[in-house]
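Input: a single structure, listed below in structure tokens.
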Amino acid sequence: MANDFTPVIVKHVVIGEGAPKVCVPLVGRTTEELQEEARFLQTADLDVVEWRADFFEHVDSIERVRAALLEIRAYLPSVPIIFTFRTAKEGGEREISDAYYVQLNQSLASSGQVDLIDIELFIGDEHIRAIVDKAHQHHTAVIISNHDFQGTPPKEEIISRLRRAQELGGDLLKLAAMPKSAADVITLLDATVTMREQYAERPLITMSMGGQGLISRLAGELVGSALTFGAVKRASAPGQIPIAELRSVLNLLHNNSK
């Protein structure tokens, strides 16, 4: 790829170099379920864990969220953890006020227990800047993301959204879109290549969702997407495949791309 940038390094994991790193979701609704999932993930072949806190039944209490995070971290002390509250309008489990969204993300970003937080591009520029500033003060990396479940935007719009995420201070720039045709999948991949070669100063994470978009979860090293999502027990988004199969294909592509 023509445009070089510094990868994002979280703990021992280098995101933005070599084969795409594999991320697996934690989606437990209770602290006990999260403990069970985290224990199970101790032996899984993963690089990063994403805690989807919108599944957590006590997410409306920052104190209980932070307590649950300590339990997760106890089982996964050396694994990079992404903290994510996915809003309902972007495919998440529930809705919260913008003010609480900011408060929650700022609190977790400054907790010292997560390595990255994922915040949504359309939550509002002022809110994004407030969270990014707090995260960076505490050396927490930020993914700025957009999830379009209605369809796949045109190539120019995909690039525009990723560039906006970069302008707002994202350390990783993420966009996921739902394809309605094979052409939509190609549009997403093409936009990723153009963004990576012409505009990106940070690593990208892109995917075309659902079964039709599966190829996008595998082709990251070719097109310039640095992280891909797989499932161990329960998927957090349509199209996630078991990580053993995912890792096998990523290794196959990586070993034959040299």
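For the sequence shown, position 209 matches number 1045 in the working numbering, and the numbering has no gaps at all.
For every residue, glycine included, the Cβ atom is placed at its ideal position computed from N, Cα and C.
Contacts around residue i, its chain only, beta-carbon distance under 7 Å, and the 5 residues preceding and following it disregarded
i, result
"M837", "Bear in mind that the predicted position of M837 carries a pLDDT of just 42, short of 50, making it too unreliable to give a figure here."
"T1028", "L1040, T1042, V1059, G1060 and S1061"
Same chain only: Cβ atoms within 6 Å of residue i, ignoring 5 sequence neighbours per side
i, result
"K1010", "I979, S981 and I1041"
"T1023", "T988 and K991"
"S943", "I898"
Beta-carbon proximity of residue i to residue j, cut-off 7 Å
i, j, result
"G1005", "V950", "no"
"C859", "F985", "no"
"M1014", "M1043", "no"
"H963", "D1007", "no"
"S946", "H983", "no"
"I829", "D890", "In the structure as shown, the chain starts at 837 and stops at 1094, and residue 829 therefore has no counterpart that could be examined."
"L870", "I908", "yes"
Beta-ladder partner(s) of residue i, from DSSP
i, result
"F1065", "C859"
"F919", "W887 and I953"
"M1043", "A1012"
"V844", "I851"
Close Cβ partners of residue i (< 8 Å) along its chain, the five nearest in sequence each way excluded
i, result
"H1090", "G854, A855 and E1057"
"Y1035", "N839, I995, L998, R999 and Q1002"
"E931", "T923, A924 and K925"
"G960", "D934"
"R875", "Y911"
"A1067", "V860, P861, Q1076, I1077, P1078 and I1079"
Pick from the options that is closest to residue i, judged by C-alpha positions
i, options, result
"G852", "Q1076, N1087, L1063 and E1081", "L1063"
"P861", "H848, Q1048, I932 and L882", "L882"
"S1017", "E899, G1047, F891 and I908", "G1047"
"P843", "G927, H972 and A977", "A977"
"A1055", "R1038, R909 and D1026", "D1026"
"Q814", "T867, P916 and F841", "Given a span of 837 to 1094 for the chain in the structure shown, any question on residue 814 remains unanswerable."
"D896", "V863, Q1076, D1020 and Y937", "Y937"
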